[in-house]
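Take a look at the structure set out below.
Number of protein chains: 2
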Amino acid sequence: MNGSGTAPAARTPAPRAAYRRLSVEERRTQLIAAALTLFAHRAPEEVSLDDVAAAARVSRPLVYRYFPGGKPQLYEAALRSAADDLQLCFAEPRTGPLSERLAAVLDRYLGFVDEHDAGFSALLQGGSVAETSRTGAIVDGVRRAAAGHILTHLAVGSPGPRLRMMVRTWIAAVEAASLIWLDEDKLPPAAEVRDWLVDHFVALLVATAGSDGQAAAVARAALDLEAADGTVGRLARRVAEVVTDSGHLLELPAAEGDVPGAE
Amino acid sequence: MNGSGTAPAARTPAPRAAYRRLSVEERRTQLIAAALTLFAHRAPEEVSLDDVAAAARVSRPLVYRYFPGGKPQLYEAALRSAADDLQLCFAEPRTGPLSERLAAVLDRYLGFVDEHDAGFSALLQGGSVAETSRTGAIVDGVRRAAAGHILTHLAVGSPGPRLRMMVRTWIAAVEAASLIWLDEDKLPPAAEVRDWLVDHFVALLVATAGSDGQAAAVARAALDLEAADGTVGRLARRVAEVVTDSGHLLELPAAEGDVPGAE
Chain A
1 MNGSGTAPAA
11 RTPAPRAAYR
21 RLSVEERRTQ
31 LIAAALTLFA
41 HRAPEEVSLD
51 DVAAAARVSR
61 PLVYRYFPGG
71 KPQLYEAALR
81 SAADDLQLCF
91 AEPRTGPLSE
101 RLAAVLDRYL
111 GFVDEHDAGF
121 SALLQGGSVA
131 ETSRTGAIVD
141 GVRRAAAGHI
151 LTHLAVGSPG
161 PRLRMMVRTW
171 IAAVEAASLI
181 WLDEDKLPPA
191 AEVRDWLVDH
201 FVALLVATAG
211 SDGQAAAVAR
221 AALDLEAADG
231 TVGRLARRVA
241 EVVTDSGHLL
251 ELPAAEGDVP
261 GAE
Chain B
1 MNGSGTAPAA
11 RTPAPRAAYR
21 RLSVEERRTQ
31 LIAAALTLFA
41 HRAPEEVSLD
51 DVAAAARVSR
61 PLVYRYFPGG
71 KPQLYEAALR
81 SAADDLQLCF
91 AEPRTGPLSE
101 RLAAVLDRYL
111 GFVDEHDAGF
121 SALLQGGSVA
131 ETSRTGAIVD
141 GVRRAAAGHI
151 LTHLAVGSPG
161 PRLRMMVRTW
171 IAAVEAASLI
181 WLDEDKLPPA
191 AEVRDWLVDH
201 FVALLVATAG
211 SDGQAAAVAR
221 AALDLEAADG
231 TVGRLARRVA
241 EVVTDSGHLL
251 ELPAAEGDVP
261 GAE
């Protein structure tokens, strides 16, 4: 992505200590990486350009040469770089049970949350001094990309409002769960959070199917591909046990359909 | 709440135009009400103290006398007043089916969202110039209060991490759905959004019950109180129809329990 493959000269191995040999793009990348590491452990307001310069073992003026706008510009560049990384997590082949695809993406997503830690919290919890309408737009772009990927996996040409609302609210729930997870010292283990978020999605899809024809078609197709010994099979059997005493909900006392106003 | 009932003199009807007769508390309330009306229709950065003064038909210096900190102080006071109002929406008797209690609270909540409109969006979407760590704390306080109320209705003495995460992620989903609803010109109608959010809660509770004993006990007790001709009965019958072809998920091919690693 850096275009370094085009110039044969770039292949010459550089001596380890020769910082001056870094290309403009490499230096920029190095400064952003240093900033991201710092933002992962401290609130944005507690990270100074001096800290970034020290972490990257360069001078403060050099940081300013790359980011003349100072910390806001560096923060935005770091956020954009992290957002690009995060969006790479979303790519997943459209084969196999939906629950397994979701689980694979959530594994990568929670890995990202784990790595970016304090920076992730500060950004999404709001009230950060580093937050602007531009950083908000970057975050919204990631959410839109995530929603787009999920809708692609649901294989609906033009998703209706109910299905879109379902996907977007689930993404909000995933974000909330991630913040709670960070807040509770990364407990329960990421794999449990992942499984619960997959269960959440499946439950939400099936519940939405109860009032939306498009969601019903998607749910039927998705359940068809799930295996009895997979996540959704386990969920189905456990839920069947929980609702086993709730047979009264399945039978209307007098009529066989819904009777509006019969309450 | 203004303590106006204690002094008999306060009962004397005031002439309509005598603005000077307002008590300090009444004037403050009036200015906050004017601010909230303005914030409901425009972004915080587009509302000036002059606008508030004009809307309340008072002078700009008078607004400053009540809010010497200027717009940030007025914004925070308006937010705190709105937050107090919102928390009143959460109170609901602990009787009847859980779905009906949730629906009643959601009706009032969506009424609040409808009324505060642009102000609600600006506050929760972040990146607003009016946002500070103090406004963030007010919003978090509301979320905590909402979670506390719901856990009380679930009637668990000391809710475990899974149940708490479930409630907090559902609240995040409700917020996301509200923002989408405002963004889509309040469509579908509030009653449909309410019903879907109730379905979402029930589905999430039942799915969480699949992996958490405490949630299972709560779900069983809650489903027991639900009626066949109520929201949850309707949901159950519709979902039963959707999953009717997914019987393969309920039967493990070889063993009768879960066989880890059998995939």
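Line by line, the protein sequences are chains A and B. Read in order, the letters of the first sequence are residues 1 to 263 in UniProt numbering. Read in order, the letters of the second sequence are residues 1 to 263 in UniProt numbering. Backbone N, C-alpha and C fix where the C-beta goes; we use that ideal spot for every residue, glycine too.
Over what stretch of residues does the alpha helix (DSSP H) that includes S81(A) continue unbroken?
Numbered from 1 along the first sequence, position 81 holds the residue referred to as residue 81(A). Run containing S81(A): 71-89, per the alpha helix (DSSP H) assignment.
Look at I180(B) and R143(A) and say whether their C-beta atoms are less than 8 Å apart.
In the second sequence, counting from the first residue as 1, residue 180(B) sits at position 180. In the first sequence, counting from the first residue as 1, residue 143(A) sits at position 143. No, the Cβ-Cβ distance between I180(B) and R143(A) is not below 8 Å.
Count the other CB atoms, across all protein chains shown, that sit within 10 Å of the CB of H41(A); report buried if there are 16 or more and exposed otherwise.
As a first step, residue 41(A) is located in the first sequence; it is residue number 41 there, counting from the start. By the beta-carbon neighbour count (other beta carbons within 10 angstroms, threshold 16), H41(A) is exposed.
Please list, in chain order, all residues of the same chain as L252(A) whose beta carbon is under 6 Å from its beta carbon, the five residues on each side excluded.
As a first step, residue 252(A) is located in the first sequence; it is residue number 252 there, counting from the start. Closer than 6 Å at Cβ, skipping near neighbours: no residue.
Can you round the beta-carbon distance between G119(A) and A83(A) to whole angstroms, since I take them to be within the 8 Å contact cut?
Indexing the first sequence from 1 puts residue 119(A) at position 119. Indexing the first sequence from 1 puts residue 83(A) at position 83. Distance from G119(A) to A83(A) at the Cβ level is roughly 12 Å; contact not present, criterion being Cβ atoms closer than 8 Å.
For R237(A) and L154(B), which I take to be in contact (beta-carbon distance under 8 Å), what is that distance rounded to the nearest angstrom?
Translated into positions along the first sequence, residue 237(A) becomes position 237. Translated into positions along the second sequence, residue 154(B) becomes position 154. With a Cβ gap of about 24 Å, R237(A) and L154(B) do not count as contacting.
For the stretch 225-243 of chain A and the stretch 177-192 of chain A, state whether three or more C-beta atom pairs, one from each stretch, are separated by less than 8 Å.
no
Kindly indicate if chain A contains any beta-carbon less than 8 Å away from that of L250(B).
Locating residue 250(B) in the second sequence gives position 250, where the first residue counts as 1. Yes, because at least one Cβ of chain A sits closer than 8 Å to the Cβ of L250(B).
Identify, in the order they occur along the chain, each residue of the same chain with its Cβ nearer than 6 Å to the Cβ of D51(B), setting aside the five sequence neighbours on each side.
Within the second sequence, residue 51(B) is the residue found at index 51, counting from 1. Around D51(B): L38.
Quick one: does E226(A) have its CB under 8 Å from some CB of chain B?
Residue mapping note: residue 226(A) aligns to position 226 of the first sequence, counting from 1. Yes - at least one Cβ of chain B is within 8 Å of the one on E226(A).
For the alpha helix (DSSP H) that V52(A) lies in, which residues bound it at each end?
By one-based count along the first sequence, residue 52(A) stands at place 52. Its alpha helix (DSSP H) spans residues 49-55.
Pull up the distance between the alpha-carbon of R28(A) and that of H200(B), whole angstroms please.
Reading the first sequence from its first residue, position 28 is the one you call residue 28(A). Reading the second sequence from its first residue, position 200 is the one you call residue 200(B). Between R28(A) and H200(B), the C-alpha separation is close to 45 Å.
State buried or exposed for D195(A), treating a residue as buried only when at least 16 other CB atoms are found within 10 Å of its CB.
Position 195 of the first sequence holds residue 195(A). By the 10 Å Cβ count, D195(A) comes out buried.
Near S121(B), what residues of its chain come up, given a Cβ to Cβ distance below 7 Å and the 5 sequence neighbours on each side ignored?
For the purposes of this step, residue 121(B) is taken as residue 121 along the second sequence, with counting starting at 1. Around S121(B): L179, L182.
Does any residue of chain A have a CB that is nearer than 8 Å to the CB of L88(B)?
On the second sequence, position 88 is the one that residue 88(B) refers to. It does not; no Cβ of chain A falls within 8 Å.
Residues of chain A with CB under 8 Å from D199(B), in chain order?
The residue labelled residue 199(B) in the question sits at position 199 within the second sequence. Within 8 Å Cβ-Cβ: A207, T208, G210, S211.
Mark E131(A) as exposed unless 16 or more other C-beta atoms lie within 10 angstroms of its C-beta, in which case mark it buried.
The residue given as residue 131(A) occupies position 131 in the first sequence. Classification for E131(A): buried.
What does a CB cutoff of less than 6 Å around A209(A) pick up in its chain, not counting 5 residues either side in sequence?
In the first sequence, counting from the first residue as 1, residue 209(A) sits at position 209. If we look at A209(A) and ignore the five residues flanking it on each side, its Cβ neighbours are A215, A216, A219.
Do V193(A) and L74(A) have their C-beta atoms closer together than 8 Å?
By 1-based counting over the first sequence, the position of residue 193(A) is 193. By 1-based counting over the first sequence, the position of residue 74(A) is 74. Not a contact, by the Cβ cut-off of 8 Å.
Is P188(A) close to chain B, meaning its C-beta is less than 8 Å from at least one C-beta of that chain?
Counted from its first residue, the first sequence places residue 188(A) at position 188. Yes, P188(A) counts as interfacial toward chain B.
Give the DSSP-derived three-state secondary structure of T132(A) in the structure shown.
In the first sequence, the residue the question calls residue 132(A) occupies position 132. Three-state DSSP puts T132(A) in coil, outside helix and strand.
Residues of chain B with CB closer than 8 Å to the CB of Q30(A), please, in chain order.
Residue mapping note: residue 30(A) aligns to position 30 of the first sequence, counting from 1. Correct list: empty, because the minimum Cβ distance to chain B is about 29 Å.
Among G213(B), V202(B), V242(B), which residue has its Cα nearest to the Cα of G213(A)?
Along the first sequence, read from residue 1 onward, the residue named residue 213(A) stands at position 213. Minimum Cα distance to G213(A) is reached at V242(B).
Name the chain B residues whose beta carbon is nearer than 7 Å to that of R220(A)?
Counted from its first residue, the first sequence places residue 220(A) at position 220. Under the 7 Å cutoff, chain B gives V242, D245.
Against chain A, with Cβ distances strictly below 8 Å, would E175(B) count as a contact?
If you number the second sequence from 1, residue 175(B) lands on position 175. It does: the Cβ of E175(B) has a partner Cβ on chain A nearer than 8 Å.
Does the beta carbon of A180(B) sit closer than 8 Å to a beta carbon anywhere in chain A?
Here residue 180(B) corresponds to residue number 180 of the second sequence, with the count starting at 1. According to the sequence displayed, residue 180(B) carries Ile and not Ala. By this cut-off, I180(B) is an interface position.
Any Cβ of chain B within less than 8 Å of the Cβ of P44(A)?
The sequence position of residue 44(A) within the first sequence is 44, counting from 1. By this cut-off, P44(A) is not an interface position.
Contact defined as beta carbons within less than 8 Å: I believe V105(A) pairs with C89(A). What is the distance between those atoms, to the nearest angstrom?
Looking up residue 105(A) in the first sequence gives position 105. Looking up residue 89(A) in the first sequence gives position 89. Rounded, the Cβ-Cβ distance is 6 Å, consistent with contact.
Our contact map puts A203(A) next to A33(B) with C-beta atoms below 8 Å; I'd like the distance itself, whole angstroms only.
Position 203 of the first sequence holds residue 203(A). Position 33 of the second sequence holds residue 33(B). The C-beta separation of A203(A) from A33(B) comes to about 41 Å, leaving the pair out of contact by the 8 Å criterion.
How many Å lie between R101(B) and L36(B) at the Cα?
For this step, residue 101(B) is matched to residue 101 along the second sequence. For this step, residue 36(B) is matched to residue 36 along the second sequence. For R101(B) and L36(B), the distance between alpha carbons rounds to 28 Å.
May I ask you to list, following chain order, the residues of the stretch 49-71 of chain A that have a beta carbon less than 9 Å from some beta carbon of chain B?
Taking 9 Å as the Cβ-Cβ cut-off, the stretch 49-71 of chain A has no residue approaching chain B.
Please state the DSSP three-state secondary structure of R168(A).
Taking the first residue of the first sequence as position 1, residue 168(A) is located at position 168. Here R168(A) sits in helix by DSSP.
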